[in-house]
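In our numbering, the protein residues as written are 20 to 468.
Quick reminder that beta carbons are idealized off the backbone N, C-alpha and C, glycines included.
Reviewing the structure listed below.
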Ligand SMILES: NC(=O)c1ccc[n+]([C@@H]2O[C@H](COP(=O)([O-])OP(=O)(O)OC[C@H]3O[C@@H](n4cnc5c(N)ncnc54)[C@H](O)[C@@H]3O)[C@@H](O)[C@H]2O)c1
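Shown next, in the form of structure tokens:
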């Protein structure tokens with residue numbers, strides 16, 4: 020089938036390249052000309068494992084094309100997937116201006132039946148707004164449908180998640196659109212991956228409810244981590260003990276410096292806002308946000324407790340991306356931890372295997388903030404190492420070398436990547452999340468007992 024994908028970011032590129040891989044002919048429309056130029060040369064403008072190979076494969080098979088002209092995209096196929104960004108506005112609601120711009124252009128230029136597909140994450144009810152916009156700009160009485168096909172891929176695993184999904188969710192209003200999606204996804208569903216077909220509003224809710232639930236699990240375990248620190252428990256073992264129960268599951272129970280990324284923070288905000296718009300108070304999710312926001316402060320306080328004074332001290336930060344396996348730094352804890360360290364007068368030396376360029380486009384390098392391309396080089400003379408992303412190369416670091424390079428053997432680990440006992444035996448002062456209990460508190464509690 021011929022498919023048009025609008026937006027050449029994480030979702031659009033992965034969708035486009037994967038659709039081409041499973042046998043469709045795809046035109047990806049990306050408005051940034053430099054990205055289109057790179058893509059036509061077979062280069063991916065984003066880092067995502069396996070993506071560039073699929074782009075090259077699609078180009079050489081002749082089934083994957085790129086353009087910056089949306090009109091061309093409208094002519095190319097009857098099914099138009101919208102994969103543009105929907106960033107949060109100041110009040111937490113999703114900014115639909117990119118979506119509206121695409122829908123308007125599609126409506127102005129269509130001259131035959133189209134299915135306009137929301138793949139971007141959009142608030143509940145957006146399919147109706149899109150229908151209205153299409154009607155406003157449509158020149159003739161051309162039939163069209165708006166469908167919802169939310170995307171669940173995880174950055175770092177995006178290609179695998181697209182081709183071997185936990186589920187595909189599609190919201191449609193007609194039998195015709197249902198059959199179109201069954202055909203599009205047949206190469207995946209015939210391998211046994213589930214396709215849930217529902218109405219558009221339900222599909223929109225499934226996406227937000229899923230992300231809000233995942234964020235809730237993370238904030239829940241982070242509160243348990245706080246309690247562990249007070250009473251001397253180990254949150255990693257608690258999570259393991261909970262996770263054996265299939266009703267709970269062992270995923271997204273990792274205590275740490277909190278969730279980030281381009282999806283969870285904004286989707287939680289937008290879900291709260293949607294509930295509010297319909298007169299519902301989703302206080303549970305407000306608490307989830309509050310707990311998440313407090314993680315950064317907790318981590319910086321741990322560091323300050325050890326060093327006493329941060330002002331004038333060099334601190335090395337390993338990990339700028341919101342998680343490993345991506346170059347994405349959107350809403351990453353590093354964006355809040357580093358300014359907090361700078362505010363307290365520290366000088367920060369940062370290293371990340373993939374995220375430096377994106378981080379640098381937000382925070383410029385200067386006297387107090389320097390970026391390094393070698394993780395050991397970044398440690399020389401620093402008073403502490405702070406870990407914010409659980410990249411494998413950090414887990415496998417030569418810790419003897421780390422200790423020798425640091426001015427003081429201090430590690431504050433926001434991702435619990437080391438075994439506290441082992442690392443302390445190597446001579447480190449080591450603080451992590453929910454495992455290195457507040458001994459004072461613990462002992463006083465024991466005395467009370
Ligand atoms: N990144 C993820 O992990 C993920 C997962 C699931 C869902 N989503 C959702 O998918 C949507 C896209 O996310 P993303 O991470 O791919 O965003 P992104 O910012 O990486 O990509 C969006 C792309 O769309 C392009 N664009 C914007 N307006 C355009 C237009 N009028 N015509 C052509 N191109 C245009 C931008 O230049 C950009 O390259 C968002 O709603 C997001 O919430 C993202």
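Check: Rounded straight-line distance, which links the Cα of residue 452 to that of residue 308; Outcome: 18 Å
Check: Beta-carbon proximity check, residue 404 vs residue 429, cutoff 8 Å; Outcome: yes
Check: Continuous beta strand (DSSP E) stretch holding residue 84: start and end; Outcome: 83-86
Check: Extent of the continuous alpha helix (DSSP H) to which residue 286 belongs; Outcome: 283-296
Check: Residue environment, residue 284, which counts as buried when at least 16 other CB atoms sit within 10 Å; Outcome: buried
Check: Span of the beta strand (DSSP E), counted from its first residue to its last, around residue 449; Outcome: 448-450
Check: Residue 394 (DSSP reduced to helix, strand or coil); Outcome: coil
Check: Anticipated Cβ contact below 8 Å, residue 168 with residue 143, distance rounded; Outcome: Wrong, their Cβ atoms sit about 15 Å apart, outside the cutoff.
Check: Sequence-distant residues of its chain with Cβ nearer than 7 Å to residue 398 (five each side left out); Outcome: 335, 404, 421, 424 and 425
Check: Own chain partners of residue 301 with C-beta closer than 6 Å, once the 5 adjacent residues on each side are dropped; Outcome: 291 and 294
Check: Same chain only: Cβ atoms within 6 Å of residue 238, ignoring 5 sequence neighbours per side; Outcome: 307, 310 and 311
Check: CB of residue 138 within 8 Å of CB of residue 101, strictly; Outcome: yes
Check: Proximity of residue 203 and residue 22 at Cβ, strictly below 8 Å; Outcome: yes
Check: Residue 171: CB within 7 Å of a non-hydrogen atom of ligand 1; Outcome: yes
Check: In DSSP terms, what residue 389 is bridged to; Outcome: 368
Check: Under 8 Å between C-beta atoms of residue 67 and residue 29; Outcome: yes
Check: Any beta strand (DSSP E) of 3 or more consecutive residues that is wholly inside the region 199-238; Outcome: 214-217
Check: Three-state secondary structure (DSSP) of residue 181; Outcome: helix
Check: Beta-carbon contacts of residue 279 that lie in its chain and below 7 Å, excluding the five residues immediately before and after; Outcome: 341, 350, 351 and 352
Check: Pair within 8 Å by beta-carbon distance, residue 357 and residue 382; Outcome: yes
Check: Reference residue 108, options 125, 286, 49 and 216, closest by Cα; Outcome: 286
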